[in-house]
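S.K.:
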Amino acid sequence: MKSDKRGKGKSAKPPEPRSASSSEIRSVDGISSGRPHAFSIQPEDIGLTRMLETLKPHDHLCLIYESQEEWRAAAAPFISIGLKQGEKCIYIVDTSTAEEIRKYLLEAGVDVTSVEKSGQLSILHETEAYTREGSFDPDRMIALLISETEKAVSEGYPALRTTGEMTWVLRGYPGSAKLLEYEAKLNRDLFPKYPCLAICQYDRWKFDPEIIKGVIMTHPLLVRGSRIYRNFYYVDPEEFLNKKRAEREVQHWLNNVEREQQMWEELRESEEKYRTLVEQSVQGLVIIQDFRIVFANMVFAEICGYAVEELLSLSPEKVATMIHPEDQALVWGHFRDRLAGKPVPPRYEYRGIRKDGSVIWLEMFASLIEYHGKSAIQGAIIDITERQRAEEALRESEERYRTILDNIEDGYFEVDIAGNFTFFNDSLCRMLGYSRDETMGMNNKQYMDKENAQKVYQTFNQVYTTGEPHISFDWEIIRKDCTKRFIESSVSLIRNSKSEQIGFRGVVRDVTDRKQAEEVLRKSEERFKELYDNAPVGYFEYDAQGRITSVNRTELEILGYTFEEMIGQPVWKFIVEGETARQQILAKLAGTMPPFRGLGGLIAGKMGQLFRP
């Protein structure tokens with residue numbers, strides 16, 4: 375096949391556009407008559423380019439574009455990628471010209487002159503391919519593609535890559551009505567058997583919707599916008615070409631409905647699991663793309679002192695100032711290196727600047743992800759300001775003990791109705807002391823005593839019965855090494871797409887240290903109360919109104935009153951010269967009288983006995 379050297383493609387006059395019957399491919403008003411496209415935008419859709427790079431021989435795609443920008447974003451890169459991968463490439467022009475395609479390939483970095491001279495690239499006019507004998511014959515065109523593929527392989531190329539502009543169909547060539555038959559036969563006679571891949575280009579607004587519908591049904595893969603979709607409307611060629619086509623289409627649609635519902639259910643369960651992890655995480659989570667914050671959870675917002683909405687509206691310049699000036703080179707250097715694919719430590723520490731200007735120490739766990747089709751950096755942030763202060767104090771005192779863990783994370787779990795683990799994170803394994811394989815399927819009764827197992831059962835049963843989540847309840851676990859740890863947990867129901875209760879999910883936190891501190895405090899308070907009550911002298915306290923707020927056991931025994939009889943009563947009620955004592959006490963409390971010792975009178979016991987304070 376010879377390349378199209380005519381530039382404008384003016385020779386080989388095709389038939390003029392005409393109206394077609396219902397059995398033919400119909401044209402629409404305003405179709406292009408071969409005018410070159412006019413472009414004012416150079417799209418830079420990284421996501422689509424990367425998807426095009428993943429295509430393999432035997433792939434058959436349709437490009438249904440709605441604008442010239444969408445067309446250019448897919449058509450030229452498809453060929454340039456093939457050339458860079460060492461494949462033989464054919465571009466069949468119709469609305470465009472050969473010179474335009476050469477221009478776009480040059481802009482993509484292709485040495486067009488060299489690849490055309492070597493034969494790796496051919497740019498043909500549609501009259502040299504689809505309608506080379508003045509008409510269109512599906513079998514003849516498929517035979518041509520098979521021949522070109524075999525030729526490419528014999529020349530040492532791994533595959534033939536081709537794309538064609540299909541607007542020639544709208545001119546009403548004889549045989550054009552067999553377009554969809556041709557597309558279906560390609561899936562039977564060419565792509566499964568030969569190392570060829572192709573994109574068939576269709577302008578949505580120039581083709582009749584019924585034709586676009588047929589195009590969708592005859593292409594396993596579909597390019598639309600900036601994405602490549604695996605097309606679940608695709609119909610197997612034998613079914614599509616079958617005489618009972620309508621019946622087969624109905625069955626295919628019904629199958630698609632069932633498959634789509636299953637996909638949505640799986641997606642919903644995955645999103646619910648992710649949402650739970652994000653919302654209940656103790657870490658700040660953030661996604662940065664193009665030096666803007668495009669996602670942040672509440673924890674990250676609280677760490678930085680902003681509202682989530684404020685973070686999402688920050689300019690790249692403002693985002694940069696959230697890093698301490700001395701650490702910006704480190705953080706943004708890692709950011710750029712990670713985007714470039716260079717090796718970067720996944721964890722590092724740096725100083726951040728809060729909204730109020732205060733400096734905080736942060737620990738970052740970063741990874742490269744794709745977000746809405748573009749590369750981005752995802753970070754898990756922990757506020758380690760207090761840890762840094764503690765480490766600084768240890769260094770100053772020449773104490774070299776490392777007391778702060780490198781990574782503190784809550785445990786997340788999912789169990790079935792019987793309480794067996796079905797999903798969990800590594801933090802949970804560390805809390806229990808078991809490996810992932812050992813933890814999977816483990817029942818709660820295996821890592822707690824009977825008393826705690828009953829407590830957990832009652833809580834989970836309450837959640838199961840009411841459907842309401844339970845927040846913050848404590849229980850004790852027994853680790854693999856037989857040590858016991860106190861756990862604080864929250865739990866909620868897991869439901870399937872039919873709202874059936876199928877299990878539980880929750881977040882756990884090790885609160886052993888807090889429990890032990892509470893126990894020490896409790897014992898201390900008990901010792902103080904014992905000393906207070908058993909003191910050798912009576913003692914009581916009163917508030918600013920002169921009412922007794924505390925009294926020890928010795929005082930009660932001396933006076934003969936019960937605790938209830940004294941607490942809350944005015945202190946002068948128990949003094950013989952009550953009115954004088956009342957005035958003195960109130961004056962003292964008001965600060966209008968200098969401090970004095972004693973209560974200024976005798977204290978009367980319940981039986982009338984008198985005591986001098």
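Numbering of the sequence shown is given in our numbering, commencing with residue 375 and proceeding in unit increments.
The beta-carbon is built from N, C-alpha and C at its ideal position, and this holds for glycine as well.
1. Should serine 898 go down as buried or exposed, given a rule of 16 or more other Cβ atoms within 10 Å for buried?
2. Which ranges would you report for the alpha helix (DSSP H) in the segment 645-731 if only whole runs of at least 4 residues count?
3. Is phenylalanine 565 helix, strand or coil when you go by DSSP?
4. What is the rounded straight-line gap between the Cα of lysine 947 and the Cα of arginine 921?
5. May I ask you to report which of helix, strand or coil DSSP gives proline 363?
6. Just how far apart, CA to CA, sit methionine 822 and glutamate 842?
7. Any idea what DSSP makes of serine 496, helix, strand or coil?
8. Enumerate in chain order the residues of its own chain whose CB-to-CB distance from glutamine 983 is below 6 Å, with the five nearest sequence positions on each side excluded.
9. Say whether the segment 477-497 touches the segment 445-465, bearing in mind that this needs 3 or more beta-carbon pairs closer than 8 Å, one atom from each stretch.
10. Distance check for leucine 659 and arginine 879, CA to CA, integer angstroms please.
11. Ordered along the chain, which non-local residues of its own chain (more than five positions away) have a Cβ less than 7 Å from that of threonine 759?
12. Assess contact between the segment 505-515 and the segment 429-447, defined as three or more Cβ pairs (one per stretch) separated by less than 8 Å. Is contact present?
13. So, using beta-carbon positions, are threonine 796 and leucine 806 closer together than 8 Å?
14. How would you label arginine 721, buried or exposed, when you count the other beta carbons within 10 angstroms and need 16 or more for buried?
15. So, helix, strand or coil for leucine 976, using DSSP?
16. Identify every run of the beta strand (DSSP E) within the segment 865-934, keeping only runs that are complete inside it and at least 3 residues long; order them along the chain.
17. How far does the beta strand (DSSP E) with glutamine 752 in it reach, from first residue to last?
18. What does the alpha-carbon distance come out to for the pair glycine 383 and methionine 738?
19. Could you name each continuous alpha helix (DSSP H) segment of 4 residues or more that falls completely within the segment 588-634, going from the start of the chain to the end?
20. Buried or exposed for glycine 726, going by 16 or more other Cβ atoms inside 10 Å?
21. Exposed or buried, glutamine 575, counting other C-beta atoms within 10 Å across all chains shown (16 or more means buried)?
22. Do histidine 746 and alanine 572 have their C-beta atoms within less than 8 Å of each other?
23. Quick one: Cα of tryptophan 849 to Cα of aspartate 917, how far?
24. Using a 10 Å radius around the Cβ and a threshold of 16 neighbouring Cβ atoms, would you call leucine 641 buried or exposed?
25. For the segment 448-484, which segments carrying the alpha helix (DSSP H) assignment without a break, of at least 4 residues, lie completely within its bounds, in sequence order?
26. For the candidate residues Thr928, Glu723, Val718, Ser528, whose alpha-carbon lies nearest to that of histidine 698?
27. Would asparagine 817 and glycine 793 qualify as a contact pair, given that the criterion is a beta-carbon distance under 8 Å?
M.R.: This is what the structure holds:
1. Here residue 898 refers to the residue found at position 524 when the sequence shown is read from its first residue. Classification for serine 898: exposed.
2. 672-678, 682-687, 690-694, 702-713
3. Looking up residue 565 in the sequence shown gives position 191. It is coil, neither helix nor strand.
4. Within the sequence shown, the letter at position 573 stands for residue 947. Within the sequence shown, the letter at position 547 stands for residue 921. Using only the alpha carbons, I get a separation of about 10 Å.
5. With the chain represented from 375 up to 987, any question about residue 363 goes unanswered, as that position is not in the structure.
6. Taking the first residue of the sequence shown as position 1, residue 822 is located at position 448. Taking the first residue of the sequence shown as position 1, residue 842 is located at position 468. In a straight line, the C-alpha of methionine 822 is about 24 Å away from that of glutamate 842.
7. The residue given as residue 496 occupies position 122 in the sequence shown. If DSSP states are grouped into helix, strand and coil, serine 496 belongs with the strands.
8. Numbered from 1 along the sequence shown, position 609 holds the residue referred to as residue 983. The answer is none, since no qualifying residue turns up.
9. yes
10. As a working note, residue 879 is residue 505 in the sequence shown. As a working note, residue 659 is residue 285 in the sequence shown. Those two C-alpha atoms are separated by around 20 Å.
11. Counting from 1 along the sequence shown, the entry for residue 759 is found at position 385. Ile734, Trp735, listed in sequence order.
12. no
13. Taking the sequence shown and counting its residues from 1, the one referred to as residue 796 is at position 422. Taking the sequence shown and counting its residues from 1, the one referred to as residue 806 is at position 432. In this structure, leucine 806 does not lie closer than 8 Å to threonine 796 by Cβ.
14. Here residue 721 refers to the residue found at position 347 of the sequence shown. Exposed, by the Cβ-count rule.
15. What you label residue 976 is simply residue 602 of the sequence shown in a count that begins at 1. Three-state result, leucine 976: coil.
16. 875-884, 914-916, 922-925
17. Numbered from 1 along the sequence shown, position 378 holds the residue referred to as residue 752. Segment 748-757, the beta strand (DSSP E) holding glutamine 752.
18. Taking the first residue of the sequence shown as position 1, residue 383 is located at position 9. Taking the first residue of the sequence shown as position 1, residue 738 is located at position 364. Note on glycine 383: pLDDT 35, under 50, position unreliable in the model; the coordinate value appears next. So the alpha carbons of these two residues sit roughly 58 Å apart.
19. 611-615
20. Here residue 726 refers to the residue found at position 352 of the sequence shown. Under this definition glycine 726 is a buried residue.
21. Here residue 575 corresponds to residue number 201 of the sequence shown, with the count starting at 1. Classification of glutamine 575: buried, given that the 10 Å Cβ count is 16 or more.
22. If you number the sequence shown from 1, residue 746 lands on position 372. If you number the sequence shown from 1, residue 572 lands on position 198. No, they are not a contact pair.
23. For this step, residue 849 is matched to residue 475 along the sequence shown. For this step, residue 917 is matched to residue 543 along the sequence shown. Taking the straight line joining both Cα atoms gives about 40 Å.
24. Start at 1 with the first residue of the sequence shown, and residue 641 comes out as number 267. It counts as exposed.
25. 472-481
26. Taking the sequence shown and counting its residues from 1, the one referred to as residue 698 is at position 324. Cα-wise, what sits closest to histidine 698 is Glu723.
27. Here the question's residue 817 lines up with position 443 in the sequence shown. Here the question's residue 793 lines up with position 419 in the sequence shown. Cβ atoms of asparagine 817 and glycine 793: closer than 8 Å.
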